[in-house]
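Undergrad: Following our numbering, the numbering of the sequence shown begins with 7 at its first residue and continues without gaps. Beta carbons: idealized from backbone N, C-alpha and C, even for Gly.
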Amino acid sequence: MSTDDQNLNLQRDALRKVGCKKIYEDRICGVKPERPGLQMAIEVGRPGDVIVVWRLDRLGRSLRDLIDLVRKLDRKQIALKSLQEAIDTTSSGGKLIFHIFGALAEFERTLIRERTQAGLAAARSRGRKGGRPKALNADKRRLVAKLYYQREHGIHEICRLMGISKPTLYKYVEEANA
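#1: Quickly, what does DSSP pair residue 88 with across the bridge? List them, please.
#2: Alpha carbon to alpha carbon, how far is residue 20 from residue 88?
#3: So, with DSSP's three-state summary, where would you put residue 177?
#4: Flag this pair as touching only if the region 122–132 and the region 150–165 have three or more C-beta atom pairs under 8 Å; answer yes or no.
#5: Ends of the alpha helix (DSSP H) at residue 165?
#6: Of the choices 82, 23 and 76, whose alpha-carbon is the least far from that of residue 52?
#7: Would you call the CB atoms of residue 107 and residue 95 closer than 9 Å?
#8: Can you tell me where the alpha helix (DSSP H) holding residue 123 begins and where it ends?
#9: If we count the other Cβ atoms within 10 Å of its Cβ and call it buried at 16 or more, is residue 128 buried or exposed?
#10: Quick one: what does DSSP say residue 157 is sitting in, helix, strand or coil?
#11: Alpha carbon to alpha carbon, what distance is there between residue 147 and residue 182?
#12: Should residue 84 and residue 118 be called a contact, given that it needs their Cβ atoms to be closer than 9 Å?
#13: For residue 11, collect the residues of the same chain with a Cβ closer than 7 Å to its Cβ; drop the 5 residues on either side in sequence, then sort them by chain order.
#14: What is the DSSP secondary structure of residue 77, reduced to helix, strand or coil?
#15: Considering only the alpha carbon of each residue, which of 169, 69, 60 and 18 lies closest to residue 115?
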């Protein structure tokens with residue numbers, strides 16, 4: 007369930023009504039990776055068993071999570087049944103629906119990747135490089151490298167004076183060498 011103030015009675019009643027013999031519960035947010043009740047249900051599940059859920063959103067917050075879970079169950083020859091969505095992977099129709107969901111999720115990821123790449127290419131063509139802006143301008147970056155090579159000041163002192171971190175200092179020194 008999503009929050010502590012929610013009551014599981016509705017879900018328990020629905021599961022018992024369809025004949026569930028063992029009910030595993032998690033009282034934590036669905037997006038958290040540690041879900042001991044779900045993990046236990048999967049671990050004790052045997053080939054031919056069916057894990058029944060009240061709604062698919064009780065299993066995960068994203069389609070990707072649900073697809074990964076169904077694949078994991080499929081490898082163990084455990085089926086999944088959702089009462090509210092009427093999806094049952096014990097049937098060929100239920101498996102088809104899940105494969106369609108998977109294909110749509112993959113298509114969506116590909117579209118997002120393509121749009122992102124096109125946006126980055128368009129920005130580069132207009133002279134934008136992207137990434138985090140440099141903490142110091144070009145003159146101050148050269149000064150950092152000069153102070154570093156003069157060895158009159160310690161690294162911590164240079165960083166404190168310029169308001170930068172050690173990794174940034176080393177990046178500027180490397181940039182000056184290039």
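TA: Straight from the coordinates:
#1: By one-based count along the sequence shown, residue 88 stands at place 82. The partner list for residue 88 (beta bridge, DSSP) reads 59 and 93.
#2: Start at 1 with the first residue of the sequence shown, and residue 20 comes out as number 14. Start at 1 with the first residue of the sequence shown, and residue 88 comes out as number 82. Rounded to the nearest angstrom, the two C-alpha atoms are 11 Å apart.
#3: Counted from its first residue, the sequence shown places residue 177 at position 171. Looking at residue 177 - three-state DSSP - the assignment turns out to be helix.
#4: no
#5: For the purposes of this step, residue 165 is taken as the residue at position 159 of the sequence shown. 161–168 is the span of the alpha helix (DSSP H), which, as asked, contains residue 165.
#6: Indexing the sequence shown from 1 puts residue 52 at position 46. Ranking 82, 23 and 76 by Cα distance to residue 52 puts 82 first.
#7: Numbered from 1 along the sequence shown, position 101 holds the residue referred to as residue 107. Numbered from 1 along the sequence shown, position 89 holds the residue referred to as residue 95. No.
#8: Here residue 123 refers to the residue found at position 117 of the sequence shown. Segment 98–131, the alpha helix (DSSP H) holding residue 123.
#9: Taking the first residue of the sequence shown as 1, we reach residue 128 at position 122. Exposed: under 16 other Cβ atoms inside 10 Å.
#10: Position 151 of the sequence shown, counted from the first residue, corresponds to residue 157. Correct three-state label for residue 157: coil.
#11: Counted from its first residue, the sequence shown places residue 182 at position 176. Counted from its first residue, the sequence shown places residue 147 at position 141. Distance between the alpha carbons of residue 182 and residue 147: 8 Å.
#12: Along the sequence shown, one-based indexing puts residue 84 at 78. Along the sequence shown, one-based indexing puts residue 118 at 112. Going by C-beta atoms, residue 84 is not nearer than 9 Å to residue 118.
#13: The residue labelled residue 11 in the question sits at position 5 within the sequence shown. Caution applies to residue 11, whose pLDDT of 42 falls short of 50 and renders its modelled position unreliable; the value that the coordinates give is listed next. Same-chain partners within the cutoff: there are none.
#14: If you number the sequence shown from 1, residue 77 lands on position 71. In this structure, residue 77 counts as helix in the three-state DSSP scheme.
#15: Here residue 115 corresponds to residue number 109 of the sequence shown, with the count starting at 1. For residue 115, the nearest C-alpha among the options comes from 69.
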